[in-house]
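Working notes for the structure below.
Chains as they are written, first to last, in UniProt numbering: chain A, 1 to 247; chain B, 1 to 105.
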């Protein structure tokens with residue numbers, strides 16, 4: 001019985017540590033910035049861990065294209081992972097470093113700072129380069145992300161490390177209101193000493209995207225994906241959704 | 001090796017040499033020329049000069065480009081290489097008048 005309780009605590013600790021780089025509402029960043037664009041942004045997602053634990057997350061944010069190369073966004077986010085609820089305030093800044101199409105790879109950079117609004121989560125910082133290219137109507141994105149929680153260890157004594165994760169998507173731009181493709185997310189573990197394969201989290205699955213003009217320079221953009229676990233440590237199914245109102 | 005690969009991905013590859021240069025002018029909420037012929041299969045550097053006092057947004061789903069051009073400002077777009085065909089674009093802030101097409105041939 002003690003062993004099962006200890007194993008349960010370990011699983012919970014792993015999930016809470018994992019939350020730092022595998023939020024249920026995670027989305028694929030793109031490097032483009034649109035000057036003057038204002039948006040209200042909703043994101044949500046849910047998955048069930050292999051051990052049965054349920055995770056759910058939602059966020060709402062306001063973003064603004066402050067310059068031709070800098071987009072900034074503030075979020076309020078809530079995550080419920082195995083009945084542990086965390087509320088955080090998030091400040092995301094995205095920098096477009098190259099002109100779209102100027103080089104074979106478009107490059108951007110993202111910084112994302114999370115400040116806890118409840119006392120069971122640490123401050124966290126995520127940074128990384130954002131890459132994009134296109135082949136005709138096919139657009140490809142790939143992002144390399146490094147994330148660190150501040151402090152020495154979590155409440156279970158698990159030391160914080162700088163972790164490495166990745167995101168990618170392939171999108172066929174069929175028509176503005178409906179585009180389709182694939183998305184993938186992966187968590188490799190410590191950035192310079194990746195987890196053994198069985199402990200890495202890899203998810204991928206079909207995704208759809210679209211843009212619905214409302215007139216008078218107002219637009220709804222959406223993208224959503226159903227992700228399948230591609231490793232034993234990954235949730236079997238993840239649903240994620242992002243909807244933006246641009247004005 | 002893993003680190004070298006990661007660092008290499010941080011940097012864009014070398015620019016295409018010899019991009020063909022073209023210019024579009026925005027005047028009285030219209031693009032001039034409204035039809036711009038460019039060579040197919042070539043990378044295009046497109047300079048947009050906005051002579052109006054108000055901002056305009058170059059928007060083309062066919063070209064996968066959106067770019068705000070400030071009033072009395074300019075912007076540079078890189079497009080292509082394009083397959084032969086017609087690629088419409090518009091000014092999102094003045095859609096009634098600001099319409100155009102790039103013809104790759």
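Ideal placement from N, C-alpha and C gives every residue a C-beta, glycine not left out. Nothing here was measured: the structure is a model prediction, and the numbers come from that model.
Does DSSP put residue i in a helix, a strand or coil?
i                     : result
residue 94 (chain B)  : helix
residue 200 (chain A) : coil
residue 117 (chain A) : coil
residue 33 (chain A)  : coil
residue 106 (chain A) : strand
residue 70 (chain A)  : strand
residue 224 (chain A) : strand
residue 174 (chain A) : strand
residue 243 (chain A) : strand
residue 49 (chain A)  : coil
residue 165 (chain A) : strand
residue 77 (chain A)  : strand
State the Cα-Cα distance for the pair residue i and residue j, rounded to the nearest angstrom.
i                     : j                     : result
residue 62 (chain B)  : residue 35 (chain B)  : 15 Å
residue 136 (chain A) : residue 82 (chain B)  : 8 Å
residue 206 (chain A) : residue 45 (chain A)  : 15 Å
residue 70 (chain A)  : residue 96 (chain A)  : 6 Å
residue 12 (chain A)  : residue 80 (chain A)  : Because the pLDDT at residue 12 (chain A) is just 39, under 50, the model does not fix this residue reliably, and the value given afterwards should be weighed accordingly. Each residue's alpha carbon lies about 12 Å from the other.
residue 189 (chain A) : residue 171 (chain A) : 27 Å
residue 161 (chain B) : residue 130 (chain A) : It is not possible to answer for residue 161 (chain B), since the shown part of chain B is limited to 1 through 105.
residue 91 (chain B)  : residue 243 (chain A) : 24 Å
residue 198 (chain A) : residue 165 (chain A) : 15 Å
residue 37 (chain B)  : residue 62 (chain A)  : 40 Å
residue 92 (chain A)  : residue 122 (chain A) : 17 Å
For residue i, return the contacting residues in chain B, with the cut-off set at a CB-CB distance below 9 Å.
i                     : result
residue 210 (chain A) : Near residue 210 (chain A) there are no residues of chain B at all, since even the closest Cβ is about 11 Å away, more than 9 Å.
residue 217 (chain A) : 57, 92, 93
Kindly list, in the order they appear in chain A, the residues whose Cβ is closer than 9 Å to that of residue i.
i                    : result
residue 65 (chain B) : 100, 101
residue 68 (chain B) : 34, 35, 36, 37, 65, 68
residue 78 (chain B) : 99, 100, 101, 102, 103
Give the interface partners of residue i over in chain A, defined as CB-CB distance under 7 Å, in chain order.
i                    : result
residue 61 (chain B) : 176
Check your understanding: Using a beta-carbon distance cut-off of less than 7 Å, what residues from the region 170 to 183 of chain A approach chain B?
Key -> 173, 176
Exercise for review: Residues of the region 19 to 43 of chain A with a CB closer than 7 Å to any CB of chain B: list them in chain order, please.
Suggested key: 34, 35, 36
Practice item. With 7 Å as the limit, tell me which residues of the region 96 to 109 of chain A have their beta carbon closer than that to any beta carbon of chain B; keep them in chain order. Key: 98, 99, 100, 101, 102, 103, 104, 105, 107
**Study point:** the region 130 to 154 of chain A: positions lying closer than 9 Å to chain B by Cβ
**Key:** 131, 134, 136, 137, 139, 142, 144
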